[in-house]
Structures are given as C-alpha cells and as structure tokens.
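Trainee: Below you will find the structure I want to go over with you.
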Amino acid sequence: MINNKFLFNFAVSYSGGGFKRLYAYAKWFNQNGGAWFIIHPMCKSLITEFPNNHFFVVSQSKLQRLFRDCDYLKELEAEIGVPNVYYSYGIPIYYKLGRLNWFHLSNVLPLGSQGIPLPLFDKLKLSYLGRRIENNFKNADIVSAESSYSLSLIKSKHPLRFFVSVNGSDDEILFYNDAKQEKKEKIAVVLGTYRYKALADSYAVFEMLHAKDNQLKLMIIGDDKKVPKSLRMNPNIILKGSLPRDKVVDYLRQAEFYISTTYIENSYNAASEGIFFAKESYISDIAPHRELVAGLHFEEVSIPNLNRPLLRLKREEISPVNLKTWDNVITEMVEHMSKNNTMVC
C-alpha cells in the first residue's frame, strides 16, 4: 500500500548514476510498502514496472527550472499532504517540505570546479547552481553525497548532519563472484566525454598501451560531439556515442583495459565498474578513487606525456571489500532517517 512516508524527487534524473539510483530506490520501495517518486518523463516505464509506488511525472523547460524550479511541489503537497521524509536528488530544497528534509549532492562540480578545465558557460552555470544549493542548505536536515570527499567541499553556516551514501555495486560484486569470466577483446574503454574527463590524458595512456600492442583500439563511450576533433579522426579510436547502461557494462566486461583520467568526481561509481569488469585499469589519483581502492593492491604509475600520476590496478589482485549492494545502501539510508525522525519507523 502506498504511503506518504517517503517522497523522492528525481525530476531531473533520467540517465547515468541518477537513473541507476532512482531505479534501485523504486525497486526496493516497491517491495517494501511503496513510496512517492517525482520523475522525468523519460522514466515513465517505472510506473508499470513498480506498481506499488506512486509516480508523479514532471516536465520542465530550462526556463522553468531557472525561474520556477520545483513549483510542482505545491500541487503534489496538496495531493499527498506533508511527507515524513522529503529526499531531493541534486535539486535544491527551497523550503521545508517534509518533516525530515534530505538533500543528496548528485554533482560535485557546482561546489568544487576551481582549477577544472571547463568551458566558460559551464563554469557560470555551475557557479549559479552552486549558489542555489548553498543558499538552501538551511532547509536540509541531512545532506548526503557519494564520497567523503564530496561532503568535505560543503561550506555552510548552518548546522548540518552529513551522511555518505555510495552507489550500490551489485553488478560488480556478482561479476567478481562469478567463476566464469568473459573472453577479453583488444579494447581499452573510456567512459564520458565531458571536458573534466580529460580525454587527451586518456589518449596518452592509450598511446603507451598501444605501443606494446598495436592491435589495441580505444573505445570512447559518451556524447561523441564532445570528443576533440583530433581524436574523432583517429583510426585507432572507436566512438560509440551514448549507450544504455547494460551495453556499457557489456563493453567493460569485454575490455582488456579501463581508463579514467577524470579531474573530479562525486563518487567512484564509474571507476568501480571499470576496475572490476576490465582486466587492468588506469584511474586518476583523486580522493573518491582513493576511497574505492583503500586497502586494495594498486600501483602509482607515471605515464609518458602526462604530468600527473595514475593508479594502476589488475582485476585479479583486488576484491570488492569496499563495495555495497543497493539493498545495503538503502537499508542504511532508511535506518539513518529513522534515527533522525521517529515518524519514519
């Protein structure tokens, strides 16, 4: 039976880590009493897949998000009343809607893009969003993020309760425990094409690997319009564009190498999939990646033509000791909500 204990706002999440978390939450609550979800129109399939939940579909233009963000909440509040918990994924909490209000930081760039190579327009947009988020921390009882590093970037004058809520890694754990492994292809995979992913640096890693095996190809998954022209014309590079997650996982499982030279991340989600699916990985030495590899065997390595060290890991030498299933992640979240609001029980 659907209740109004929990209201989750994923109105702007329809791909990547946002959709991954939305899907996991919708699945878990579908089996545990139901909850209310605010979703993007591209996620409508969840309505029939998880019928024990109630979904409120929201379509907003960029102008509406800029000047009338979250106006739809008043309509929903009139329908369901005051929820015991209001959870907002990456959307500023403009007023105290629930008895307990939980903000999840979905993107660290609005709070920590200094020194990151980004186009000027993106920097201005992120700065504006960062101010919106920071100005509304006063309405959040709990703030979560996917790494301790991300939480360390929050500078607020208001007393906040922090909580690390990582992404679930069910696929990686299952794959690790599966004795049967896929045959590896001669490909090195890179995920993401945004400027901060530093594709030129990823290519430097590939050049080093290609010098040892000239049959190796570099596969780039993500919006190919954002790939530098010099790389788009390279015969050793395969551009796959944006793909559904199951196809991404398939390619990672086939990959000889996984490469991530990103400058900044909110979580180790992509790196987690890469290092546990590919045979060998090269990942940037940033704080969330250090949280992922804590206690695991890895090497700090120097790459020709690259002015920063990377971490090299071999799949056969690591274990998922730092990973959690989605069931663990959500159960911990609900328990934390209960400690801070007795009406959640």
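The numbering used here puts the first residue of the sequence shown at 1169, with every later residue one more than the last. Backbone N, C-alpha and C define an ideal beta-carbon position, used for all residues, glycine too. Quick caveat: nothing in here was measured; it's all calculated off a predicted structure.
1) Let me confirm a value: N1437 is counted as buried when at least 16 other C-beta atoms fall within 10 Å, else exposed. Which label applies?
2) Using only CA atoms, which one of S1183, K1242, K1385 and E1375 lies nearest to K1352?
3) Between which two residues does the beta strand (DSSP E) harbouring Y1263 extend?
4) From S1337 to P1488, what does the alpha carbon distance come to, in whole angstroms?
5) Please identify the residue among S1449, G1360, K1195 and V1416 whose C-alpha is closest to the C-alpha of K1393.
6) With A1313 as the anchor, note down where its beta strand (DSSP E) starts and where it stops.
7) Could you check whether the Cβ of V1416 sits closer than 7 Å to any heavy atom belonging to the ligand HEM?
8) Within a Cβ cutoff of 6 Å, which residues of the same chain sit near M1169, ignoring the five residues on either side of it in sequence?
9) Comparing C-alpha positions only, which one of N1382, S1274, Y1296 and I1471 sits nearest to A1313?
10) Are the region 1273 to 1289 and the region 1231 to 1249 touching, with three or more C-beta to C-beta distances below 8 Å?
11) My guess is that A1246 and N1221 are in contact by the Cβ rule of under 8 Å, so how many angstroms apart are they, rounded?
12) Along the chain, where does the beta strand (DSSP E) containing M1387 start, and where does it finish?
13) Roughly how many whole angstroms lie between the Cα atoms of Q1199 and A1368?
14) Is it buried or exposed, P1456, if we count other Cβ atoms within 10 angstroms and call 16 or more buried?
15) Roughly how many angstroms separate the alpha carbons of Y1419 and Y1257, rounded to a whole number?
16) Going along the chain, which residues of its own chain have a beta-carbon closer than 6 Å to the beta-carbon of H1504, five neighbours each way excluded?
17) Distance, Cα to Cα, K1293 vs C1238?
18) Is P1285 near R1400, with beta carbons less than 8 Å apart?
19) Indicate whether Y1426 and G1442 have their beta-carbon atoms separated by less than 8 Å.
20) Counting along the chain, where does the alpha helix (DSSP H) carrying H1457 start and finish?
21) Judging by CA-CA distance, which residue of F1176, L1175 and G1184 is the nearest neighbour of I1389?
22) Under a three-way DSSP split, which group does R1413 fall into?
23) What does the Cβ neighbour count give for Y1191, buried or exposed, with the cut at 16 atoms within 10 Å?
24) On the CB-based measure, 16 or more other CB atoms within 10 Å of its CB, does S1181 come out buried or exposed?
25) Please work out which residues of its chain come closer than 6 Å, Cβ to Cβ, to T1493, disregarding the five sequence neighbours upstream and downstream, and give them in chain order.
26) Three-state secondary structure (DSSP) at M1169?
27) Do three or more CB pairs link the region 1302 to 1318 to the region 1252 to 1269 at distances below 8 Å?
28) Is P1403 buried or exposed, if buried means 16 or more other CB atoms sit within 10 Å of its CB?
29) Report the CB separation of N1252 from I1206 in whole angstroms; it is logged as a contact under 8 Å.
30) Which word fits H1326, buried or exposed, when buried means at least 16 other C-beta atoms lie within 10 angstroms of its C-beta?
31) With DSSP collapsed to three states, give me the class of Y1539.
32) Taking all protein chains shown into account, do 16 or more other C-beta atoms lie within 10 angstroms of the C-beta of E1448, making it buried, or fewer, making it exposed?
33) Flag this pair as yes or no: are the beta carbons of F1174 and C1211 separated by less than 8 Å?
Mentor: By the coordinates alone:
1) Here residue 1437 refers to the residue found at position 269 of the sequence shown. That one is buried.
2) For the purposes of this step, residue 1352 is taken as residue 184 along the sequence shown, with counting starting at 1. With respect to the C-alpha of K1352, the residue from S1183, K1242, K1385 and E1375 having the closest C-alpha is K1385.
3) For this step, residue 1263 is matched to residue 95 along the sequence shown. Element bounds for Y1263: n/a, residue is neither H nor E.
4) Residue numbering aside, residue 1337 sits at position 169 when the sequence shown is read from its first letter. Residue numbering aside, residue 1488 sits at position 320 when the sequence shown is read from its first letter. Approximately 9 Å, taken between the alpha carbons.
5) By 1-based counting over the sequence shown, the position of residue 1393 is 225. Taking only the C-alpha atoms, the option nearest K1393 is G1360.
6) Numbered from 1 along the sequence shown, position 145 holds the residue referred to as residue 1313. Per DSSP, A1313 belongs to the beta strand (DSSP E) from I1310 to A1313.
7) This structure does not include the ligand HEM; it has no bound ligands of any sort.
8) What you label residue 1169 is simply residue 1 of the sequence shown in a count that begins at 1. Only weak support is given to the placement of M1169: the predicted model assigns it a pLDDT of 42, under 50, and the question is left unresolved by the model.
9) Within the sequence shown, numbered from 1, the residue matching residue 1313 stands at position 145. Here the closest residue by C-alpha is S1274.
10) Short answer: they don't touch.
11) Residue mapping note: residue 1246 aligns to position 78 of the sequence shown, counting from 1. Residue mapping note: residue 1221 aligns to position 53 of the sequence shown, counting from 1. Not really, about 20 Å apart at Cβ, beyond 8 Å.
12) In the sequence shown, the residue the question calls residue 1387 occupies position 219. Taken as a continuous stretch (DSSP letters only), the beta strand (DSSP E) holding M1387 covers K1385 to I1389.
13) Start at 1 with the first residue of the sequence shown, and residue 1199 comes out as number 31. Start at 1 with the first residue of the sequence shown, and residue 1368 comes out as number 200. Approximately 45 Å between the Cα atoms of the pair.
14) Position 288 of the sequence shown, counted from the start, is the residue given in the question as residue 1456. Result: buried.
15) Taking the first residue of the sequence shown as 1, we reach residue 1419 at position 251. Taking the first residue of the sequence shown as 1, we reach residue 1257 at position 89. When rounded, the distance between both Cα atoms is 28 Å.
16) Indexing the sequence shown from 1 puts residue 1504 at position 336. Excluding sequence neighbours, H1504 sits near F1331.
17) Reading the sequence shown from its first residue, position 125 is the one you call residue 1293. Reading the sequence shown from its first residue, position 70 is the one you call residue 1238. One C-alpha to the other measures close to 18 Å.
18) Locating residue 1285 in the sequence shown gives position 117, counting from the first residue. Locating residue 1400 in the sequence shown gives position 232, counting from the first residue. No, these two residues do not count as a Cβ contact at 8 Å.
19) Within the sequence shown, residue 1426 is the residue found at index 258, counting from 1. Within the sequence shown, residue 1442 is the residue found at index 274, counting from 1. For Y1426 and G1442, yes; Cβs fall inside 8 Å.
20) Sequence index remark: in the sequence shown, residue 1457 carries index 289 (1-based). Where H1457 is concerned, the enclosing alpha helix (DSSP H) stretches over A1455 to V1461.
21) Within the sequence shown, the letter at position 221 stands for residue 1389. Sorting F1176, L1175 and G1184 by C-alpha distance to the C-alpha of I1389 places G1184 at the top.
22) As a first step, residue 1413 is located in the sequence shown; it is residue number 245 there, counting from the start. Residue state, collapsed to three classes: helix.
23) Position 23 of the sequence shown, counted from the start, is the residue given in the question as residue 1191. For Y1191, the number of other beta carbons within 10 angstroms of its own is at least 16, and it is reported as buried.
24) One-based indexing of the sequence shown puts residue 1181 at position 13. With 16 or more other Cβ atoms from the protein chains shown falling within 10 Å of its own Cβ, S1181 counts as buried.
25) Locating residue 1493 in the sequence shown gives position 325, counting from the first residue. Within the same chain, and ignoring the five residues on either side of T1493 in sequence, the residues whose Cβ sits closer than 6 Å to its Cβ are G1336 and D1338.
26) Start at 1 with the first residue of the sequence shown, and residue 1169 comes out as number 1. Model confidence at M1169 stands at a pLDDT of 42, short of 50, so the residue's coordinates are unreliable; what they give is reported in the following sentence. Collapsing the DSSP output to three states places M1169 in coil.
27) With a cut-off of 8 Å, the region 1252 to 1269 and the region 1302 to 1318 count as touching, because enough Cβ pairs lie within range.
28) For the purposes of this step, residue 1403 is identified with residue 235 of the sequence shown, where counting begins at 1. Label assigned to P1403: exposed.
29) Translated into positions along the sequence shown, residue 1252 becomes position 84. Translated into positions along the sequence shown, residue 1206 becomes position 38. With a contact defined as Cβ atoms closer than 8 Å, N1252 and I1206 miss out at about 16 Å.
30) For the purposes of this step, residue 1326 is taken as the residue at position 158 of the sequence shown. With fewer than 16 other beta carbons inside 10 angstroms of its own, H1326 counts as exposed.
31) Past the boundaries of the shown model lies residue 1539; the chain is included only from 1169 to 1513, so the question cannot be answered.
32) Counting from one through the sequence shown, the residue named residue 1448 turns up at place 280. Result: buried.
33) In the sequence shown, counting from the first residue as 1, residue 1174 sits at position 6. In the sequence shown, counting from the first residue as 1, residue 1211 sits at position 43. Contact annotation: F1174 and C1211 have beta-carbon atoms that are not nearer than 8 Å.
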